[in-house]
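Participant: Encoded as structure tokens, here's the structure I'll be asking about.
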Amino acid sequence: MNYNVVTADEAALLIQHGDTVGFSGFTAAGCPKEVPSALARRAEELHASGQPFQIAVYSGASSGDKMDGALARANAISFRMPYQNVKDMRANINAHKTYYTDTHLSTTSQDIRYGFLPEPNVAIVEACQLTDNGEIVPTFGVGILPTICRMAKKIIVELNVAVPPAFRGIHDIVELSDPPYRREIPLYHAGDRIGRDCIKVDPKKIVAVVITEHNTEVNQFNETDEVTSAIAANVAHFLENEMKAGRIPESFLPIQSGVGNVANAILKDVGNSDYIPPFEMYTEVIQDAVVDLIKWGRIKMASGSSLTCSPQKIDEILAALDFFKKRIVLRPTEISNSPEIIRRIGIISINTALEADIFGNVNSSHVLGSRIMNGIGGSGDFTRNAYISIFTTPSTAKGELISSIVPMVSHLDHSEHSVNVIATEYGIADLRGKSPIQRAEEIIENCAHPDYKPLLHKYLRSGAKGHTPINLDTCFNFHKAYAEKGDMRLAEM
Ligand code: 0RQ
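Going by the working numbering, the first residue of the sequence shown is number 7, and it counts up by one from there.
Right, here's the structure in full:
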């Protein structure tokens with residue numbers, strides 16, 4: 007190899023205080039692992055000697071603890087976007103130690119290109135293959151790689167030898183052109199390929215290569231519990247009924263599903279339905295359940311921006327690469343989450359809410375209105391443009407002290423105008439074609455926990471007038487009761 011092969015600590019010396027660094031990866035899948043830790047060590051040393059060291063960080067979505075966790079603990083990130091889900095990073099953001107922009111994942115690359123954000127001067131990329139002529143083959147996540155690799159002046163590659171070069175061929179890499187006169191994206195089926203199998207850069211930009219050997223950092227999923235199973239069954243049943251009613255074509259439609267255990271459980275149930283035919287996924291994260299359903303022939307094709315799978319599932323994919331390469335495509339997020347394609351191919355989107363209000367507005371990101379949990383991720387890209395948009399949530403959180411169905415959301419991510427269906431373990435609220443009052447009745451009756459139904463009904467009848475009757479005196483009393491007394495059931499309505 008004609009590159010400068012160095013240790014992670016040596017590579018970290020190439021990054022300076024104030025740099026804007028673009029990282030590979032989407033969720034913990036495909037993120038660099040050793041250079042970020044080395045950078046964190048460097049930041050700690052510099053801080054100990056009284057010198058500043060902080061960088062701005064872009065990546066496709068969240069990352070793993072080896073990246074966001076290590077850098078957050080070292081207080082080495084001044085600015086982060088567009089998504090995060092690591093405990094220490096969240097704490098820094100909520101404490102204003104790190105500025106964070108929570109934004110739709112589909113727009114990150116173009117926002118960087120448009121100059122809305124500082125230009126990335128360094129890219130740190132995990133790859134499974136690097137050729138002397140500058141071809142970089144990513145590992146399990148694509149995210150914003152094409153843009154950051156093109157724009158960065160310096161590229162550091164973590165060549166992860168645990169991922170075989172034969173992984174090449176799973177990616178479909180393309181970077182959008184920008185307005186005016188952007189052309190349509192010629193993608194009509196989940197499995198269409200419109201780009202290259204690698205990222206091509208000027209090899210002179212690759213200033214360092216660090217050889218690593220790591221399995222993926224993605225965690226194993228939890229066992230499904232009763233609540234999760236009930237939500238999954240309700241969603242699967244709803245989709246079957248939509249097919250029976252002729253509102254979903256007999257061939258079914260591509261599914262997008264968010265991250266986490268509920269999403270994984272729903273996929274299992276939809277996949278095991280006797281009524282729903284084998285289907286396609288057009289999504290951002292491909293999780294464990296998808297891998298099994300591909301093996302069983304229930305999912306014909308899965309397109310995403312990452313293989314957010316546990317190490318065990320990654321091993322299964324690597325052991326049968328020829329089979330999976332025909333059935334999985336990994337794309338940049340501006341393609342996986344493209345509103346144009348979502349609307350064109352008619353995606354059924356399934357995402358998770360932290361809380362929903364009785365009129366159908368959804369908060370996916372902020373606890374009690376102010377503390378960020380993770381972010382909206384791609385949920386907005388899909389919800390706004392979906393054929394049917396579904397939000398799931400357990401009806402309560404923190405052992406029933408919190409109702410996930412509230413009079414008014416304490417933070418708004420997805421508005422009543424975009425949310426079609428809400429599902430909890432109690433049932434489904436189908437909001438399509440309903441007025442605010444009708445939606446409220448449907449959500450309270452079908453989705454709220456029994457302890458909270460009387461309070462929500464009382465709120466709805468509490469005298470507010472108008473098309474959407476919001477009582478300005480009491481609409482946040484659920485949240486106030488939790489903040490002051492630790493139990494939303496004590497809310498005065
Ligand atoms: O807190 O861990 O302290 O107990 O929130 O809740 O039920 O474990 O659910 O892990 O699936 O996360 C919305 C955060 C759900 C996630 C969210 C507390 C609850 C618990 C987590 P503890 P659960 P999950 C694809 C699309 C937005 C982005 C998205 C998410 C913790 O799914 O980030 O969908 N989604 N992107 O106790 C206060 C409430 C609460 C609450 C739950 N109403 N108030 N706390 N919790 N409800 C992904 C990408 O784009 C990459």
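Each residue gets a CB set at the ideal place from its N, CA and C atoms; glycine is no exception.
Bear in mind the structure is a predicted one, so any value in this text is a computation, not a measurement.
Which two residues bound the contiguous alpha helix (DSSP H) that contains T26?
Facilitator: It is not in any alpha helix (DSSP H) - T26 instead sits in the beta strand (DSSP E) that spans 26-29.
Participant: Can you tell me whether DSSP reads S410 as helix, strand or coil?
Facilitator: In this structure, S410 counts as coil in the three-state DSSP scheme.
Participant: Output yes or no for whether 8 Å exceeds the beta carbon distance between S309 and P283.
Facilitator: no
Participant: Taking all protein chains shown into account, decide if G472 is buried (16 or more other Cβ within 10 angstroms of its Cβ) or exposed.
Facilitator: exposed
Participant: Helix or strand or just coil, what does DSSP make of R333?
Facilitator: coil
Participant: In angstroms, rounded to a whole number, what distance separates the CA positions of M249 and Y488?
Facilitator: The straight-line gap separating the alpha-carbon atoms of M249 and Y488 is approximately 41 Å.
Participant: Answer yes or no: do N380 and Y89 have a C-beta to C-beta separation smaller than 8 Å?
Facilitator: yes
Participant: Over the uninterrupted beta strand (DSSP E) stretch that includes R86, give me the two end residues.
Facilitator: 83-87
Participant: What is the residue span of the beta strand (DSSP E) that A214 lies within?
Facilitator: 212-218
Participant: Hey, is M414 close to ligand 1, as in C-beta under 7 Å from one of its heavy atoms?
Facilitator: no
Participant: Can you tell me which residues form a DSSP beta bridge with T33?
Facilitator: The partner list for T33 (beta bridge, DSSP) is empty, contrary to what the question assumes.
Participant: Can you tell which of E51, A78, R47 has its C-alpha closest to the C-alpha of A62?
Facilitator: A78
Participant: Can you give the beta carbon distance from I411 to A454, rounded, assuming they're within the 8 Å contact cut?
Facilitator: 4 Å
Participant: Does the region 347-358 come close enough to the region 402-417 to have 3 or more Cβ pairs within less than 8 Å?
Facilitator: no
Participant: Can you tell me which of T474, K160, P460, I212 puts its alpha carbon nearest to the alpha carbon of Q22?
Facilitator: The shortest Cα separation from Q22 among T474, K160, P460, I212 belongs to K160.
Participant: Assign P456 to buried or exposed, taking buried as 16 or more other Cβ atoms, counted over all protein chains shown, within 10 Å of its Cβ.
Facilitator: The Cβ neighbour count for P456, taken over all protein chains shown within 10 Å, is under 16; the residue is labelled exposed.
Participant: Hey, is the region 13-21 in contact with the region 139-149, meaning 3+ C-beta pairs nearer than 8 Å?
Facilitator: no
Participant: If N391 sits next to P345, beta carbons under 8 Å apart, how far is it from one beta carbon to the other, in whole angstroms?
Facilitator: 4 Å
Participant: Please classify A271: is it buried, with 16 or more other beta-carbons within 10 angstroms of its beta-carbon, or exposed?
Facilitator: buried
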